[in-house]
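Down below is the structure, laid out as structure tokens.
In full-length UniProt numbering, the protein residues as written are 1 to 403.
Shown next, in the form of structure tokens:
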């Protein structure tokens, strides 16, 4: 039934649709139009820089209605109502934006998969993060909400629920498939850091862990003068051992994978050009012409019509002086995801960078494995790209920093 509804919605775009809808504008009078006039009024809206307040129609909220309204959206809309249900523009992986309910429970949407993590991290505020795959009559989307990420990505109806769910899992941040093909989530394994209090461990000069608190207990004077300290005192005057520690100079490795939706390659290149520092010597040639490209003094060339090249150049030009990345020399690889039009994946690796931020260095605790630490400098660059027309579909970063 869901597939039939989706097909009916598509067929309605191929023939005149007399069904009426009323659009409430912020500055202009309400407009009653036919569904097949949407594209014309989308152009009018852009020309008049108008804002949608609400949409009213006799049609129920369905995938066909949401996709019909999609051409009206530019992605920067504030909340507006559709038949009394609060909507927000959300990224559609096939390009553009689509209205989705701010509160899916206000519609017939059902939860396909959900994962949740919550705890009190030793303070007055509670940590919360959830991720949900929703479905409305065959139309799927994935929603992350909480302290680490707020992002909604609309998948649509790919013809079969299995295909739509698989696409939602791929676009999600924490969902994945296990060896049996079952949908699982990292959030379900995210333990409360205060639940199992571990020993305060430090790395000794040989690279082994030792318990700093245990050392203090061993070195306490028990009144017998037989403590394990190496001081020269005897009897009850024995002083606790002072164990020498090497100064921390944290050196790290970092791996980042980000997936972006870039619908307009040339417009994105224009935005990335703004990120190029003058001192870099990178020059743009033949803007918007057949040979539109950026050239570096060393002869490296990035084609402006290639979003993968623009993503790489955006991170090559990332300013890192005085940040956590002393020794910034990333290796990058970007490629097109064949089955996803306008979707591009960037893999970035940095090895041997020095954790330069003094405040971050002071509170850093070395860990024996990779963890999802998100460097502020990197996050600022990702946020910039998101504001410049690169929709962030998936982001994953793993870091390993040791003294």
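Quick reminder that beta carbons are idealized off the backbone N, C-alpha and C, glycines included.
How would you call residue i, buried or exposed, if buried means at least 16 neighbouring beta carbons within 10 angstroms?
i: residue 379; result: exposed
i: residue 281; result: exposed
i: residue 182; result: exposed
i: residue 26; result: exposed
i: residue 35; result: buried
i: residue 43; result: exposed
i: residue 176; result: exposed
i: residue 390; result: buried
i: residue 387; result: exposed
i: residue 32; result: exposed
i: residue 137; result: buried
i: residue 46; result: exposed
i: residue 278; result: exposed
i: residue 28; result: exposed
i: residue 89; result: buried
Beta carbon of residue i, beta carbon of residue j: below 8 Å?
i: residue 259; j: residue 186; result: no
i: residue 107; j: residue 99; result: no
i: residue 21; j: residue 53; result: no
i: residue 190; j: residue 117; result: yes
i: residue 330; j: residue 349; result: yes
i: residue 153; j: residue 93; result: yes
i: residue 304; j: residue 334; result: no
i: residue 295; j: residue 285; result: yes
i: residue 395; j: residue 173; result: yes
i: residue 144; j: residue 135; result: no
So residue i packs on residue j, CB below 8 Å; how close in whole Å?
i: residue 157; j: residue 63; result: 6 Å
i: residue 261; j: residue 67; result: Going by Cβ atoms, the distance from residue 261 to residue 67 rounds to 17 Å, so no, they are not a contact pair.
In terms of residues, what are the limits of the beta strand (DSSP E) holding residue i?
i: residue 185; result: 183-185
i: residue 349; result: 343-355
i: residue 404; result: What the structure shows of the chain is the stretch from 1 to 403, and residue 404 is not part of that stretch, so it cannot be assessed.
i: residue 51; result: Element bounds for residue 51: n/a, residue is neither H nor E.
i: residue 66; result: Segment 63-69 is the alpha helix (DSSP H) holding residue 66; no beta strand (DSSP E) there.
i: residue 295; result: 293-295
i: residue 20; result: 20-25
Residue range of the alpha helix (DSSP H) that residue i falls in?
i: residue 175; result: Note, residue 175: premise wrong, no alpha helix (DSSP H); beta strand (DSSP E) at 175-177.
i: residue 47; result: 38-48
i: residue 35; result: Note, residue 35: premise wrong, no alpha helix (DSSP H); not H, not E.
i: residue 320; result: No alpha helix (DSSP H) holds residue 320; DSSP gives it neither H nor E.
i: residue 381; result: 376-387
i: residue 303; result: It is not in any alpha helix (DSSP H) - residue 303 instead sits in the beta strand (DSSP E) that spans 301-303.
Which parts of the region 82-151 are runs of the beta strand (DSSP E), unbroken and 3 residues or longer, counting only runs that do not cross its ends? Qualifying beta strand (DSSP E) stretches, in chain order: 85-92, 97-101, 110-119, 127-136 and 139-146.
If you scan the region 259-287 from start to end, which runs of the beta strand (DSSP E) of 3 or more residues do you find wholly inside it? Counting whole runs of 3 or more residues, the region 259-287 contains the beta strand (DSSP E) stretches 283-285.
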